[in-house]
Amino acid sequence: MERPLVFYSISLFLGCFFSIIFNENIYITVIIMLVIHIIIYLTLKEIKFTIIMFLFSILGVISFNLYFSFQPKTGALIRINNKYDYKVEGTIKGRKLILKNNIKKLEEGQLIKVESGDFKRNVVYEKGIIGEYNIQHYVLQNRDFRSKIYNLKRNINNKFINSLGKKRGSIVVSLCFGDSSYLEKEDKDNIKKLGVIHALSVSGFHLALVYKIFEIIFTMKFAIIASYLYLAFTGFKYSTIRAFIMILVLKLSDKFYGEYDSLSSISLAFLIILFLKPYAFMEIGFMLSFLSTLGILMFNKKISKYIYFLPSKLNSAISLSLSSQIFLIPYSSFTLKELSIGFLLGNIFFMPIFSMIIIIGVIGAILCPFKYIFNVVVLVLKNLCIILEGSTYILIKVCPDLIYIEEIFGIFIISIYICFMMYKAGKVKYKYLPLFLLVAVFFNAYTVFPKVYILKNEKVKATIIKYKDESIMYCDYDLEEGKYIIELKDNFNIDKVITNAKGYLPIHIKENKLKAINFYKEYFHKNIDNYEGYDIICMKSNDYKEYKIIFGKIFRIR
0 MERPLVFYSI
10 SLFLGCFFSI
20 IFNENIYITV
30 IIMLVIHIII
40 YLTLKEIKFT
50 IIMFLFSILG
60 VISFNLYFSF
70 QPKTGALIRI
80 NNKYDYKVEG
90 TIKGRKLILK
100 NNIKKLEEGQ
110 LIKVESGDFK
120 RNVVYEKGII
130 GEYNIQHYVL
140 QNRDFRSKIY
150 NLKRNINNKF
160 INSLGKKRGS
170 IVVSLCFGDS
180 SYLEKEDKDN
190 IKKLGVIHAL
200 SVSGFHLALV
210 YKIFEIIFTM
220 KFAIIASYLY
230 LAFTGFKYST
240 IRAFIMILVL
250 KLSDKFYGEY
260 DSLSSISLAF
270 LIILFLKPYA
280 FMEIGFMLSF
290 LSTLGILMFN
300 KKISKYIYFL
310 PSKLNSAISL
320 SLSSQIFLIP
330 YSSFTLKELS
340 IGFLLGNIFF
350 MPIFSMIIII
360 GVIGAILCPF
370 KYIFNVVVLV
380 LKNLCIILEG
390 STYILIKVCP
400 DLIYIEEIFG
410 IFIISIYICF
420 MMYKAGKVKY
430 KYLPLFLLVA
440 VFFNAYTVFP
450 KVYILKNEKV
460 KATIIKYKDE
470 SIMYCDYDLE
480 EGKYIIELKD
490 NFNIDKVITN
500 AKGYLPIHIK
510 ENKLKAINFY
520 KEYFHKNIDN
530 YEGYDIICMK
540 SNDYKEYKII
550 FGKIFRIR
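Residue numbers for the sequence shown follow numbering that gives the first Met the number 0, so the first one is 0 and each next one is one higher.
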């Protein structure tokens, strides 16, 4: 069988996937895996290959259950990964857990030994969290390699921010080391609008640049070691682990075998990461990294051939940008719910600047003990940041806003892909099938009958009204809770926000006037009662009520 690693990685994924579907019930999962692989055998007629695939699926089931059935014991060593205002996230033997109670003095990167505390199993599958540890007493362990890395990273981050200023320093730190915690929301929104938000989280692009720098200056072995150190320095992100494995396979194949298959390489990376972290396929960052790379591997050269008449640099930038989005767009419609129309502009104009900032920034991090050399690096970075700010200002003016997309759009894109493949295979009659889904996409985007969303929690009260191509939100909230309003505006794709409105203001809907401003006013009290309170407001969850007004009658949708 050609490219067996592709099939083995799919089998491992199926084992993990069905394990979560059937909530760790091993017996049902194994039976389903057996049935699937019997069908595979009847199709391929290859018994040895099918058995190996089945074993990989069983490996996925075992890995998943071993991960989530783990029970920490007193005296366990826990690594502190992330610290928030109200909780701390740590890892114990590769498993994530939430730490509570005695956590005020904990810092990221520290290694602690829990002397006393209670563990409560509270699994969050999509984040790989096995439960909560209520810590009573702990002992801080001596600094090891990873804690020293965390401390070094903090010092370097602070040095860049102090030298460049908070705004520019945070951009450099985000681009070079993937730490966007210092970044201002305005900068994040601008970069997101331009479709280059991936540059703020360390990706394979970053690691490839770092590897190339050290390979040119030194040797391949030194470059691999330096890349691994960069991997550790940036926190072992999925995208960098994937890129490191693929680079390692590429260099080893060049040296020992002379043949490199990119699809087998990415499949091996997928298999290794999923075996170690069987929940990874539920994390958006993992899927974005693999789907974008898969799109590049499969379609970059094909797109490049179609635009052969363009200059080579422009051809490369456009083909890379378009191919990386082929699988990301449908996936984003099911998860992120938003799409940047200006991603092509962002990638063409920004990626060269980002590349220079990353290269100079990494060199600056290495040479930061040398004051005068570091000052020269800071001067270069300042000028690059000025160029970046000017480019951002211009492109933001011409780049269209993010658009909100729903699942039906993703289904439409997938149908186009399927119909195109069938058309290429000679099934000409299927080429018009996406047109039927296009009608559904239109009616989904254009609200024929008015929709009303009712939201309420302890901090924010809001009514959202959508009609035709417009959407208005009326909300009542305290000034310090403004971040919730921003979240609502982004998640519901709001055109206009009216805050703390008094009395009734008419909204014209066909011949009728819908006089609903604050949902706690009498109009909706006559039709809707028993409001629930929620802790989180997000359209991606079910924390809202939806109503549709059809010919003056109100119907509850959810």
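From the three backbone atoms N, C-alpha and C, an ideal C-beta is built for every residue, glycine too. Since we're looking at a predicted model, the values are computed, not measured.
- The beta carbons of Leu174 and Gly294 sit no closer together than 8 Å.
- By the beta-carbon neighbour count (other beta carbons within 10 angstroms, threshold 16), Ile497 is exposed.
- In this structure, the alpha-carbon of Phe373 lies about 13 Å from that of Ile160.
- DSSP places Asn346 in the uninterrupted alpha helix (DSSP H) bounded by 342-365.
- Excluding five sequence positions before and after Thr73, the CB atoms of its chain that fall closer than 8 Å to its own CB belong to Val113, Glu114, Ser115, Gly116, given in chain order.
- A distance below 7 Å between beta-carbons, with the five flanking residues on each side excluded, links Ser318 to the following residues of its chain, in chain order: Asn299, Ile302, Ser303, Ile306.
- When only Cα atoms are considered, Ile347 and Asn22 end up about 45 Å apart.
- Per the coordinates, the alpha-carbon of Ser238 lies some 34 Å from the alpha-carbon of Tyr371.
- The C-beta of Met420 has fewer than 16 other C-beta atoms within 10 Å across all chains shown, which makes the residue exposed.
- When the beta-carbon positions are compared, Met32 and Leu58 stay at least 8 Å from each other.
- For Thr218, no alpha helix (DSSP H) encloses it, and the DSSP letter there is neither H nor E.
- A distance below 7 Å between beta-carbons, with the five flanking residues on each side excluded, links Phe411 to the following residues of its chain, in chain order: Pro433, Leu436, Leu437, Val440.
- If you look at Pro449, you'll find it in the beta strand (DSSP E) that goes 446-455.
- In the three-state reduction of the DSSP assignment, Asp188 falls in the helix class, which pools H, G and I.
- Looking at the DSSP output, Glu131 shares a beta bridge with Ile97, Lys119.
- In this structure the region 130-144 touches the region 98-106; the number of beta carbon pairs closer than 8 Å is three or more.
- According to the DSSP assignment, Asn492 belongs to no beta strand (DSSP E), since it is labelled neither H nor E.
- By the Cβ rule, the region 325-340 counts as touching the region 180-195, because three or more pairs are nearer than 8 Å.
- Listed in chain order, the non-local C-beta contacts of Lys381 below 8 Å within the same chain comprise Leu163, Arg167, local neighbours out to five positions each way being set aside.
- Along the region 4-58, the alpha helix (DSSP H) occurs as fully enclosed runs of 4 or more residues at 25-43, listed in sequence order.
- For Gly294, the secondary structure class from DSSP, reduced to helix, strand or coil, is helix.
- About 12 Å separates the beta carbon of Gln140 from that of Leu105, a gap too long to meet the 8 Å contact definition.
- For Thr391, there is no enclosing beta strand (DSSP E); the residue is found in the alpha helix (DSSP H) stretching over 370-397.
- Excluding its 5 nearest sequence neighbours in each direction, Phe232 has C-beta neighbours in its own chain below 8 Å: Ile148, Leu151, Lys152, Phe176, listed in chain order.
- Within the same chain, and ignoring the five residues on either side of Ile46 in sequence, the residues whose Cβ sits closer than 7 Å to its Cβ are Tyr40.
- As DSSP reads the structure, Met472 sits in a beta bridge with Ile463, Val496.
- Separation of Phe408 and Ser323 (C-alpha to C-alpha, rounded to the nearest whole angstrom) is 18 Å.
- By the neighbour-count criterion, in which a residue is buried when 16 or more other Cβ atoms sit within 10 angstroms of its Cβ, Tyr229 is buried.
- By the criterion of a C-beta distance shorter than 6 Å, Glu107 is surrounded in its chain by Ile79, Lys82, Tyr149, once the five residues flanking it on both sides are discounted.
- The C-alpha of Leu206 lies about 14 Å from the C-alpha of Ile356.
- Membership of Lys152 in the alpha helix (DSSP H) is indicated by the continuous run 144-163.
- Tyr403 and Lys552 have their C-alpha atoms some 27 Å from each other.
- In the structure shown, the three-state DSSP call for Arg2 is coil.
- When secondary structure is reduced to three states using DSSP, Asn299 falls in the helix class.
- Under DSSP, Lys544 shares a beta bridge with Ile453.
- A residue is called buried once 16 or more other Cβ atoms fall within 10 Å of its Cβ, and Arg94 is buried on that count.
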